[in-house]
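Below you'll find the structure, written out as structure tokens, and then a few comments.
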Amino acid sequence: MNTGNGRGYDAHGEREYPIEDKNLTEEQNEHLTASLRKVRDMKDAPPALQDLARQLLGGRMELKDVLDSSSGHRALGEGLAGMREQWRNMSPQERQQVRDYDPDEDPKNAPGRDGRIR
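Residue numbers for the sequence shown follow my numbering, beginning at -5 and rising by one.
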């Protein structure tokens, strides 16, 4: 499926190109797009959070409007509730590892042959 401006969409009806939020750098937009795709595909993510990711990827909602939307606000709340519980169950050492984690130093985040981050 293509839009009138020539930009393509994938099988999910979502943009094949990164989100283009004017307040973010190109790299930030690419990272946001990759992160939203991961959330969309996570089996354990709350359905409302997956739907929010689909809306953002599909261009049906802009990032700046997420908190103004009752569904966006609810989805983020549900998503954060699970993270909050995980954080509470971590040991102090595990929490420090999370604080110290730098995704730029993680080899899993290195670009693949196609230039995309895995």
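Where is the CB? At the ideal position from N, CA and C, for every residue including glycine. All figures in this text were calculated on a predicted structure; none of them were measured in a lab.
Among the options, nearest to residue i - alpha-carbon criterion
i: Ser29; options: Leu61, His67, Arg48 and Lys16; result: Arg48
i: Arg34; options: Leu46, Ser63 and Asn23; result: Leu46
i: Ser65; options: Gln44, Asn17, Lys16 and Gln22; result: Gln44
i: Lys16; options: Leu57, Leu51 and Lys37; result: Leu57
i: Ala69; options: Leu50, Arg82, Asp62 and Ala42; result: Ala42
i: Leu51; options: Gln91, His25 and His67; result: His25
Three-state class that DSSP yields for residue i in the structure shown
i: Val60; result: coil
i: Glu14; result: coil
i: Met55; result: coil
i: Ser85; result: coil
i: Ala39; result: coil
i: Asp98; result: helix
i: Arg93; result: helix
Unbroken alpha helix (DSSP H) run spanning residue i, endpoints
i: Thr27; result: Glu20 to Asp35
Residue i, buried or exposed, once every other Cβ within 10 Å from all chains shown has been counted against 16
i: Glu99; result: exposed
i: Ala75; result: exposed
i: Thr19; result: exposed
i: Pro86; result: exposed
i: Gly73; result: buried
i: Leu61; result: exposed
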